[in-house]
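Input: a single structure, listed below in structure tokens.
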Amino acid sequence: MIHGTYIFYDFETGSRNAHTTQPIQLAAVAIHSRKLEIIPGSEFNSMMSALNDQDAKSKGVDIIEDGALAVNKKTREEIFAAKQPKVVWNQFVNYVNQYNYKKSKWTAPIMVGFNNNGFDDIIINRLCSEFGPFDKEYQKQNLFHPIYNFDLFKIALGWFENSEEVTKYSMDSLRDYFAMSKDNAHDALQDVIDGANLFIKFLSLQRSMGKRVKFKGAFAK
Amino acid sequence: MKYTLECGCEFEQLGTELKKEDSLPSIKLDYNNLRDCPKTWSIFKSGKTKGVFQLENKLGQEWSEKVKPDNIDDTAALISLMRPGCLHGLLNGKSLAQHYVDRKNKEDKISYIHPSLESVLESTFGVLEFQEQSILIVKKIAGFTEEESESLRKSLGKKDSVLMAEIKLKFIEGCKKTGIVNDEIANQIFDWIEEGQKYLFNACLDPATVTETKNGYKTLEELKIGDFVNSPDGFIEVIDIIDQGDQEVYEIELENRNQINCTLNHKFMCSDGKIRPLYEIIGQGFEICHKKVSTDSSKVKNVTKIGTMRCMDITVNSDNHIFYANGIATSNSHAVAYSTISYQTAYVKAHFPLHFFTASLYYANEKQDEKYEIKHLSSDIKRLGINLETPNLKSLRLGNFGEFGMSGKNSIHFGIHNIKGIGLNNTKKFIATIEEAERISNKSISELTWLETIILVLDSVSKTIATNLINVGFFGKDRRKKLFEYSILSSLVEREKKWMRENIHKYSSFSKGLKLLNEVPRKEGGPSNKKRLLTIKDLISSLNKPSYELRDMPSEIASNEKQLLGVNLTTTILDDCTNYQGNMTVKEFLEGKGENVRILLEITNRNEYTIKNGPNKGKPMAVLVGEDETGEIDNLFCFSDSWENNKESLYIGAAVMIIGKKSDKGGIIIEKAKVV
Numbered sequence: 001m002i003h004g005t006y007i008f009y010d011f012e013t014g015s016r017n018a019h020t021t022q023p024i025q026l027a028a029v030a031i032h033s034r035k036l037e038i039i040p041g042s043e044f045n046s047m048m049s050a051l052n053d054q055d056a057k058s059k060g061v062d063i064i065e066d067g068a069l070a071v072n073k074k075t076r077e078e079i080f081a082a083k084q085p086k087v088v089w090n091q092f093v094n095y096v097n098q099y100n101y102k103k104s105k106w107t108a109p110i111m112v113g114f115n116n117n118g119f120d121d122i123i124i125n126r127l128c129s130e131f132g133p134f135d136k137e138y139q140k141q142n143l144f145h146p147i148y149n150f151d152l153f154k155i156a157l158g159w160f161e162n163s164e165e166v167t168k169y170s171m172d173s174l175r176d177y178f179a180m181s182k183d184n185a186h187d188a189l190q191d192v193i194d195g196a197n198l199f200i201k202f203l204s205l206q207r208s209m210g211k212r213v214k215f216k217g218a219f220a221k
Numbered sequence: 001m002k003y004t005l006e007c008g009c010e011f012e013q014l015g016t017e018l019k020k021e022d023s024l025p026s027i028k029l030d031y032n033n034l035r036d037c038p039k040t041w042s043i044f045k046s047g048k049t050k051g052v053f054q055l056e057n058k059l060g061q062e063w064s065e066k067v068k069p070d071n072i073d074d075t076a077a078l079i080s081l082m083r084p085g086c087l088h089g090l091l092n093g094k095s096l097a098q099h100y101v102d103r104k105n106k107e108d109k110i111s112y113i114h115p116s117l118e119s120v121l122e123s124t125f126g127v128l129e130f131q132e133q134s135i136l137i138v139k140k141i142a143g144f145t146e147e148e149s150e151s152l153r154k155s156l157g158k159k160d161s162v163l164m165a166e167i168k169l170k171f172i173e174g175c176k177k178t179g180i181v182n183d184e185i186a187n188q189i190f191d192w193i194e195e196g197q198k199y200l201f202n203a204c205l206d207p208a209t210v211t212e213t214k215n216g217y218k219t220l221e222e223l224k225i226g227d228f229v230n231s232p233d234g235f236i237e238v239i240d241i242i243d244q245g246d247q248e249v250y251e252i253e254l255e256n257r258n259q260i261n262c263t264l265n266h267k268f269m270c271s272d273g274k275i276r277p278l279y280e281i282i283g284q285g286f287e288i289c290h291k292k293v294s295t296d297s298s299k300v301k302n303v304t305k306i307g308t309m310r311c312m313d314i315t316v317n318s319d320n321h322i323f324y325a326n327g328i329a330t331s332n333s334h335a336v337a338y339s340t341i342s343y344q345t346a347y348v349k350a351h352f353p354l355h356f357f358t359a360s361l362y363y364a365n366e367k368q369d370e371k372y373e374i375k376h377l378s379s380d381i382k383r384l385g386i387n388l389e390t391p392n393l394k395s396l397r398l399g400n401f402g403e404f405g406m407s408g409k410n411s412i413h414f415g416i417h418n419i420k421g422i423g424l425n426n427t428k429k430f431i432a433t434i435e436e437a438e439r440i441s442n443k444s445i446s447e448l449t450w451l452e453t454i455i456l457v458l459d460s461v462s463k464t465i466a467t468n469l470i471n472v473g474f475f476g477k478d479r480r481k482k483l484f485e486y487s488i489l490s491s492l493v494e495r496e497k498k499w500m501r502e503n504i505h506k507y508s509s510f511s512k513g514l515k516l517l518n519e520v521p522r523k524e525g526g527p528s529n530k531k532r533l534l535t536i537k538d539l540i541s542s543l544n545k546p547s548y549e550l551r552d553m554p555s556e557i558a559s560n561e562k563q564l565l566g567v568n569l570t571t572t573i574l575d576d577c578t579n580y581q582g583n584m585t586v587k588e589f590l591e592g593k594g595e596n597v598r599i600l601l602e603i604t605n606r607n608e609y610t611i612k613n614g615p616n617k618g619k620p621m622a623v624l625v626g627e628d629e630t631g632e633i634d635n636l637f638c639f640s641d642s643w644e645n646n647k648e649s650l651y652i653g654a655a656v657m658i659i660g661k662k663s664d665k666g667g668i669i670i671e672k673a674k675v676v
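Protein chains in written order, with this note's numbering: chain A, 1 to 221; chain B, 1 to 676.
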């Protein structure tokens with residue numbers, strides 16, 4: 001049984017390559033792992049400034065793409081005027097650590113996101129590597145739980161892989177399928193709230209079904 | 001000043017010293033002449049003996065409530081009862097201890113295996129409790145001589161079945177000769193003696209141990225009843241000499257080179273005046289008292305196992321039962337002596353609970369599990385309606401903040417030193433930092449504003465100290481906000497921090513200070529480049545519009561207090577559950593309010609068992625511990641089906657609404673549990 005806090009987080013980015021993109025917004029909410037509800041007042045939300053095209057190229061990171069701005073409904077001016085990544089990141093670290101009551105890596109909150117395994121987690125590792133906390137031995141982030149990790153995309157894929165109704169697994173497709181509002185979609189905070197609610201639904205369903213399934217000794221002859 | 005309490009006890013309050021001059025005002029008590037006080041006996045009778053000598057653990061509390069002693073003899077009997085011999089020795093399917101309780105409380109008739117035993121066992125309601133009673137019995141009904149009685153005592157100690165069989169034969173023959181009891185009864189009596197006495201707790205010394213008497217030095221073997229041996233209180237009379245049979249003995253060498261051979265459970269007087277068994281002294285590095293050397297006490301330097309050998313112990317006629325053996329202050333076990341100390345500690349608890357608990361908390365670090373001890377003392381303290389406070393600025397004003405101390409007439413505060421991660425050295429550094437801040441600001445610490453505190457004090461201590469102090473509420477409420485501001489301060493470079501410190505008189509808020517800093521040229525401590533300028537601008541913006549909510553959450557405060565202090569003091573996770581109302585609190589439940597229970601609890605411990613008997617044999621069940629802000633219930637029973645249905649809700653740390661019934665054993669039988 002997991003007793004730690006789940007933190008559902010999401011980056012909005014200026015391009016699609018997780019290894020070179022510049023994050024432009026970071027948002028998160030905390031989920032009580034036992035009650036399965038969003039902890040009231042647990043929202044984190046901050047824009048992050050990006051480098052201008054010239055500086056980005058010289059630093060070897062992606063420039064902010066127009067397509068990304070259109071999806072995220074942000075302007076370049078807004079992005080360039082936002083807080084620097086280091087300042088935002090330090091606050092995010094403090095925010096996450098609030099939910100690590102025993103202040104050890106094994107009681108650290110558990111990362112949850114949407115397609116985070118293939119994208120956002122990479123950015124987390126990059127930021128941890130640049131600003132800390134970073135586990136040099138294992139070359140990975142040292143902020144969240146080192147092993148446990150959930151990806152809503154994979155959970156949805158697991159449930160619907162045999163479904164003819166759900167054929168696309170983007171957050172927008174799932175919003176449509178579950179009849180969730182798309183107002184403010186692609187705003188990082190709205191995305192994490194929607195994602196967290198879906199995650200809670202799936203986990204509640206799994207828990208209630210898990211009680212009725214006899215797993216133990218299922219392969220016993 | 002003399003004053004009289006409702007119970008009739010009179011006291012004189014003197015000076016300012018009890019345990020620690022800077023934390024506790026002193027109450028002078030003449031421990032040898034304490035009044036026989038019903039208020040004190042009510043502590044024993046109610047089983048609320050946490051902190052009372054020999055009766056502080058669960059077993060002691062449980063049996064104290066059962067025995068309900070109201071005099072020293074009863075208390076001595078109670079202490080003797082709590083030995084394996086009495087707890088596990090059975091008579092007619094019931095333990096000797098339970099027989100004693102039932103007979104004392106007139107729930108069972110006082111009966112004797114044979115009327116001839118009445119005169120010996122009358123004082124203990126027909127139950128064989130003391131070794132002395134066994135000796136008297138064999139002398140009376142089997143005509144044993146002193147020598148034969150001693151051989152019985154030795155064989156009980158040795159647990160030698162062959163020797164025991166020989167003595168039994170002798171006993172049966174003796175009974176035949178005296179004709180007081182028949183063979184059947186004689187067998188029964190002997191089995192009873194053997195069963196009841198075989199688990200005696202033997203704390204012993206080597207017979208060659210030397211002690212100084214009025215007539216020169218003698219070994220224990222050479223001592224006689226009536227001799228006077230040297231002790232910290234002068235020469236005291238030997239009133240009993242006991243051959244304890246063969247025991248496993250160790251040679252102990254102290255750092256001052258004194259040596260003694262004894263069993264690991266033999267007790268010695270330590271430098272703090274407490275009497276502890278040797279294994280505890282070695283394990284926790286206590287110093288043992290001795291005499292005639294430049295220092296008064298020494299640590300154990302070497303422990304060498306000698307092997308099994310014959311052992312002895314003596315009983316001396318003194319209150320603390322301490323005498324010098326090989327120049328070392330050693331103790332003999334004696335229930336009556338223990339019962340006197342039990343009464344003394346209970347007396348202080350009954351009349352001066354604030355002093356009693358402050359001292360008990362102060363010494364909690366000497367217990368095996370300090371956290372457990374603090375938690376249970378805190379539960380007892382809350383039950384009595386005494387306030388427990390986090391380390392705070394108020395304690396600074398009182399001039400003590402390192403340790404536990406009393407605040408006002410009804411409060412005990414934790415000290416900085418009691419916060420996890422802040423040791424003695426850090427406490428000293430913190431005090432020095434405060435003194436420096438007071439000097440710079442020309443104010444006392446309690447007059448410093450939060451801005452002055454964060455800039456002048458917290459910036460100069462380690463991150464762990466600063467965050468832990470904020471997290472336990474040392475600087476008051478708004479803990480999240482203060483942590484946030486501290487993190488902003490921490491992100492400044494040293495040159496910038498220095499400017500903030502030196503120019504604190506120029507700004508009235510943290511963000512205004514940062515704005516001024518951004519206008520200062522680099523050489524005077526301002527930002528080093530344009531990027532740094534932007535960073536500080538971002539920090540100001542963060543202060544004005546944080547990325548997350550900075551309102552304190554009760555559950556977070558509760559978690560931090562539990563982590564850092566071991567207990568919840570200002571809030572519990574239950575404070576987040578204001579929509580849920582039970583029909584009683586823990587305190588009300590313990591005071592006997594109602595049979596149908598609906599109670600909001602935090603689960604703090606759970607143990608799963610398999611049911612051994614009855615229709616649910618083989619099914620799992622659990623016994624849990626729960627608490628709210630008024631106290632703790634340590635027997636929440638959740639049986640088979642209920643456990644199956646509710647176990648996911650009953651995890652440690654859960655805030656749950658429990659619906660159930662009061663059990664015969666004083667706890668709650670859980671029917672439903674819901675996480676709230």
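Heads up, the beta-carbon is just placed ideally off N, CA and C, and yes, glycines get one too.
Interface flag, residue i vs chain B, CB-CB below 8 Å
| i | result |
| --- | --- |
| A:VAL192 | no |
| A:ARG34 | yes |
| A:ASN117 | no |
| A:VAL88 | yes |
| A:ASN94 | yes |
| A:LYS216 | no |
| A:LYS182 | no |
| A:GLN25 | no |
| A:GLN206 | no |
Proximal chain A residues relative to residue i, where beta-carbon distance stays under 7 Å
| i | result |
| --- | --- |
| B:ARG551 | GLY41 |
Neighbour list for residue i in chain B, Cβ cutoff strictly below 8 Å
| i | result |
| --- | --- |
| A:SER46 | SER547 |
| A:TYR9 | The contacting residues do not exist; A:TYR9 stays about 12 Å from chain B at best. |
Where residue i falls, given that 16 or more other Cβ within 10 Å makes a residue buried
| i | result |
| --- | --- |
| B:LEU90 | exposed |
| A:LYS83 | buried |
| B:GLU118 | exposed |
| B:TRP499 | buried |
Interface residues of chain B facing residue i [CB-CB closer than 9 Å]
| i | result |
| --- | --- |
| A:MET1 | GLU648, TYR651 |
Minimum Cβ-Cβ distance from residue i to chain A less than 8 Å
| i | result |
| --- | --- |
| B:LEU601 | no |
| B:PHE474 | no |
| B:GLN563 | yes |
| B:PHE484 | yes |
| B:ASN579 | no |
| B:VAL675 | yes |
Closer than 8 Å at the beta carbon, the chain A residues around residue i
| i | result |
| --- | --- |
| B:ASP478 | Ordered by position in chain A, no residue passes the 8 Å Cβ test against B:ASP478, which lies about 14 Å from the chain. |
Beta-bridge pairing of residue i - partner residues as DSSP gives them
| i | result |
| --- | --- |
| B:THR330 | B:PHE268, B:PHE323 |
| B:LEU624 | B:ARG606, B:LEU636 |
| A:ASN45 | A:ALA27 |
| B:PRO277 | B:LYS267 |
| B:PHE43 | In the sequence under discussion, the amino acid at residue 43 of chain B is Ile, which differs from the Phe named in the question. Answer is none; B:ILE43 lacks a bridge partner. |
| B:SER407 | B:SER411 |
Cross-chain neighbours of residue i in chain B, by beta carbon under 7 Å
| i | result |
| --- | --- |
| A:LYS83 | ASP538, SER541, SER542 |
| A:LYS223 | The question about residue 223 of chain A has no answer here: the residues shown for chain A are numbered 1 through 221. |
Q.
Please identify, using Cβ separations under 7 Å, the residues of the stretch 642 to 655 of chain B that lie next to chain A, in order along the chain.
A. Residues passing the 7 Å Cβ filter: TYR651, GLY653, ALA654.
(Q) Along the stretch 118 to 149 of chain A, where does the CB come closer than 7 Å to a CB of chain B? Name the residues. (A) Answer in chain order: no residues at all.
Q | Contact list for the stretch 488 to 509 of chain B against chain A, Cβ threshold 7 Å | A | If the cut-off is 7 Å between Cβ atoms, the stretch 488 to 509 of chain B has SER491 near chain A.
Q: Note down, in chain order, all residues in the stretch 507 to 537 of chain B with a beta-carbon under 7 Å from any beta-carbon belonging to chain A.
A: Flagged, chain order: LEU534, THR535.
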